[in-house]
Every structure is written in C-alpha cells, then in structure tokens.
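Reading through the structure tokens given below for one structure.
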Amino acid sequence: MNSIRLRLLKWLLGPILLVNLVLAALVAGLAWTPAQVAFDAGLMDTATTLASRVATGGTAGLSPVAPAATGERAWFVVRDLQGRRLEGTTGFPPLRPGMSAYDADVSGEPVRVVALAVATPAGIRHVGVARTLRQRLDLRAAIVRSLVVLVSLGTLTLVGVVWLSVGNGLRPLARIRAELARRGPGDLAPIPADGVPYEIAPVVSGFNDLLDKVEAGARAQRDFLADMAHQLRTPLAGVQLQLEWLHARHAQDADTVQSLAMMGMANERMIRQVNQLLALARAREGRPGDHAGPLDLALLVQESIQFFVDKAARKDIDLGFELAPAPVTGDAFQLRDLIDNLVDNALRYTPAGGQVTVGCGMDDGAPQFSVIDSGPGIPAARRAAVFERFVRFDDKSQGSGLGLAIVRDIALAHGASVHLADAGGGGTSIVVRFAVRQTNPHR
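Each residue of the sequence shown is one higher than the one before, counting from 513 in the numbering used here.
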C-alpha cells in the first residue's frame, strides 16, 4: 500500500531504532569499561599486598584457594625466575609480570590474573593473583538489563511521539478527505483553503481548478439538455395540435386516420422523452435546486391526481390513493418529477384491468412515497439494471428507459433511498424512503 503515513514512519522510525541500538552499545561499553578498570584495580591491590609480604622474605600466608566475601574464589602463586612454584596453587596459569590484568583459566574456570615481580633477599620472585569473573559478569548483566529497559522505554516514547507527530502533520489531508467524503455526488464546490499547510496548498489549488473545469463542463451539458428540451417542447406541442386538427378534418378517411394516429403516438412519445430529458437535466444536478424548502409529498401528489386519473381511465386501470402527510425538505420540481415518473411507469406497465396504488406517509418517523402495481413484476436479477439510463424492462414497452434513472438521481440528491420489491400478486412495489430528520440537503 502506497501510504504517506507508512513512508514517513519507515523513514523516521528506522533511523531512530538504529541510532538507539548504537547508543545503547556505546553506553554499555562506557559503563562496562570503568567497572572493568575498578575490578582490575582491586585485584592489583590484592597482588600488591601479597607482594609486600613476599618482599620481606616471608611467605604469603594464604591458602592456595581463598573464598572471597562476594562468593567468588581467588588463587595465588609465588614462583622463582625459572618458573618453579614456591608457594600457592598448583596449576596456576603462566605469569606475565609487567603486564596489566589479563584473562586466563584455573582448573577450567575463567579468571582474571595480575602478576608482579618482587625483589626479595633470596632473589626475584614472581607473585600472581587470580580471581573468578562471576561478580564482573553479574554486573555486566545488570548493566545490560538496565540498558534494555531504558532503551525500550525511550524507543517506545519516541515511536509514540513520531506517530502522533506524523498523524498531526497529516491531519489536514484527513480533513480534506473527510470533506470530500461528506459531499454528495453533484457537489463540486471548491475545497476550503483555510488552514491548508503550505506544502499541500498547490495540490488543493490544482484540485479546485479541476473541480471548476468539471463543474463548467457539467453545467454546459445540463444547459445544453435544458435548452434543447425547451426548444423542442414548443414545436412538438404545435405538431400535436396540427395532428389533432388533421385527425378531426379527415375523420372519414380510414388510412389517413391510421397514419395520423401513428404520427400522434410518435409525437407523444417524443414529447414525453423531451420532458424526461428536462427532468434528467434537473436530476443530474446532484442536489435540490436553489429554491428547496419544506414540502408535503401528499400535496405534490394531489396536484397531479387528475392527470394520473385520466391516464388510468384510458387504460381501464384501478388507480387508488392512500395519502397521509409526509413532510420533507426538497425541490418541488424535482420531487414532482420523481412522483410523475414512478406513477407513469406503473400505469405504463400495468395491463388493462390491473391496479395501481399510490401512497405516502410516515414510517418510523421517516417520510416515504410508494407506488404498488399489479403488473408483470421485475425479476430480481434485473432490479439493479432498471435504474440505469436507457434500460427498459422489455422490448415491447414504449418508454425511453430514463424514468427510474431520474427517480434514482432525484432520490440521491434528497438523501433518500429507493427500494424495489415484489408486490402481492406478482406486481412491483417501489418505495422512496427519506431521512428520518429531513434537513435541507443543499449546501
């Protein structure tokens, strides 16, 4: 995963851990060296005391193996210049007078040895003292344990500081990401530049420029659709009037009447498609219009009842209404398009003699609008596809395939969800459910 956070942590924590290990090794060496010198000095003092006894011509007066107070053991030896043992431990390692303390072993046990040359009445004698390394090793282990604890605590502290620092440094990016995640699909407003760090200001500026270009392109497309639809509506309405006049004028000519009827049907289809293009242009805004406000879905349905009733009567469809107050906040034009498209689709696909029920009201505190028909239903495998543009349920229908796409876009713009399910008897039930506490979605 290509993450700035992980990259920063890798380049910061890696060197910190390496530096801590190097410092720990240096501190261990600096702490151990004085302790080693102190132990060697103590061993040298013992050897000097023993040598002073031998220098007077006497003997050392010690047993070959002497236990120390710390639990360690000590050995000594006195030899002449030829290396013959005069007193002390048998098997004592070779003596090296004039050297500092050195390592050796006595009876297989590691020891530290100090050797001195002493002038006595009988001649030069070499005196050697050896002591085990247990106390030194215990001290070194204690130093290492202490350093491990200190280095671990220091490393964890630094890791925490680095983690918090990196998180704090990346907070502006997280804020921008959250700002973009909260936006609706059509919200192309510029990203606020307040508080943006200097390093990412060019990125924000470039992204805002891109948003402006996308907004300009989308606006041009919407304006083109709206202008085209507006320009087509007037001549199409005129054509419809002329066809109706011709139909009345030539009512006795069966061939002419049939041709005029087919032309009228084609013109009606064109008018509906133009109206849907207008609705789609409004729905593709991705948010309610500038005049969004509090509305009642029941009142919006009542305003279009007569048109629905007439169309249902022409198809011999039983159209029923179950309307209860359903207050929402939104754009009246867009919500009316949503209602018109759902009811029109239901009437279009329901066969003669069928039933369509239009309802609205509150459900668990959420306003909702529903249309239930007794048509052929929609297979579960095709329910997601019918919300795409220019997708029709079958090849026999005369729709343009825009109705449910418009419904989906308007619902998203108002923060609502569309649920499609089977109705009793094999029909289709479509429910548009709005948020429980509807607020003005326009930002």
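Glycine included, C-beta positions come from ideal geometry on N, C-alpha and C.
Rounded distance between the beta-carbons of residue j and residue i, thought under 8 Å
i: residue 480; j: residue 932; result: Since the displayed the chain opens at 513 and closes at 955, residue 480 lies outside it and no answer follows.
i: residue 625; j: residue 562; result: 13 Å between Cβ atoms; not a contact.
i: residue 752; j: residue 718; result: With a Cβ gap of about 50 Å, residue 752 and residue 718 do not count as contacting.
i: residue 639; j: residue 550; result: With a Cβ gap of about 21 Å, residue 639 and residue 550 do not count as contacting.
Neighbourhood of residue i by C-beta distance below 8 Å, restricted to the same chain and skipping five residues each side
i: residue 716; result: 688, 703, 705, 708
i: residue 636; result: 592, 593, 629, 630
i: residue 667; result: 528, 529, 532
i: residue 517; result: 678, 679, 682
i: residue 552; result: 612, 613, 624, 626
Alpha carbon of residue i to alpha carbon of residue j, nearest angstrom
i: residue 584; j: residue 647; result: 7 Å
i: residue 720; j: residue 729; result: 14 Å
i: residue 881; j: residue 780; result: 27 Å
i: residue 846; j: residue 839; result: 15 Å
i: residue 615; j: residue 515; result: 54 Å
i: residue 894; j: residue 900; result: 11 Å
i: residue 852; j: residue 816; result: 8 Å
i: residue 544; j: residue 657; result: 13 Å
i: residue 748; j: residue 755; result: 10 Å
i: residue 692; j: residue 700; result: 9 Å
i: residue 935; j: residue 731; result: 39 Å
i: residue 460; j: residue 610; result: Because residue 460 is not part of the residues shown, which for the chain are 513 to 955, the question remains open.
i: residue 526; j: residue 674; result: 11 Å
i: residue 686; j: residue 724; result: 22 Å
i: residue 568; j: residue 634; result: 10 Å
i: residue 764; j: residue 770; result: 11 Å
i: residue 524; j: residue 676; result: 12 Å
i: residue 566; j: residue 643; result: 19 Å
i: residue 830; j: residue 867; result: 5 Å
Continuous beta strand (DSSP E) stretch holding residue i: start and end
i: residue 880; result: 878–885
i: residue 934; result: 929–934
i: residue 589; result: 585–591
i: residue 554; result: Per DSSP, residue 554 belongs to no beta strand (DSSP E); it is in the alpha helix (DSSP H), 516–567.
Cβ neighbours of residue i in the same chain (closer than 6 Å, five flanking residues each side left out)
i: residue 758; result: 772
i: residue 823; result: 859
i: residue 863; result: none
i: residue 950; result: For residue 950, the predicted structure reports a pLDDT of 45, less than 50, and the residue's modelled location is therefore unreliable. The matter cannot be settled from this model.
i: residue 651; result: 547
i: residue 600; result: 576, 588, 589, 590
Residue range of the unbroken alpha helix (DSSP H) whose run includes residue i
i: residue 847; result: 844–861
i: residue 616; result: Unbroken run through residue 616 is the beta strand (DSSP E), 614–618; no alpha helix (DSSP H).
i: residue 690; result: 683–693
i: residue 867; result: It is not in any alpha helix (DSSP H) - residue 867 instead sits in the beta strand (DSSP E) that spans 867–875.
i: residue 937; result: Here residue 937 belongs to no alpha helix (DSSP H), and DSSP marks it neither H nor E.
Beta-carbon contacts of residue i that lie in its chain and below 7 Å, excluding the five residues immediately before and after
i: residue 952; result: A caution first: residue 952 carries a pLDDT of 45, below 50, which makes its placement in the model unreliable, though a value can still be read off. Excluding residues within five positions, the ones whose Cβ falls inside 7 Å are 804, 841.
i: residue 920; result: 899, 930
i: residue 890; result: 898, 905, 932, 940
i: residue 948; result: 877, 878
Q) Where are the beta strand (DSSP E) runs, 3 residues long or more, that stay fully inside the stretch 624–675, in chain order? A) 635–644
Q | Complete runs of the beta strand (DSSP E) confined to the stretch 801–844 [at least 3 residues] | A | 805–808, 830–835, 839–842, all fully within the stretch 801–844.
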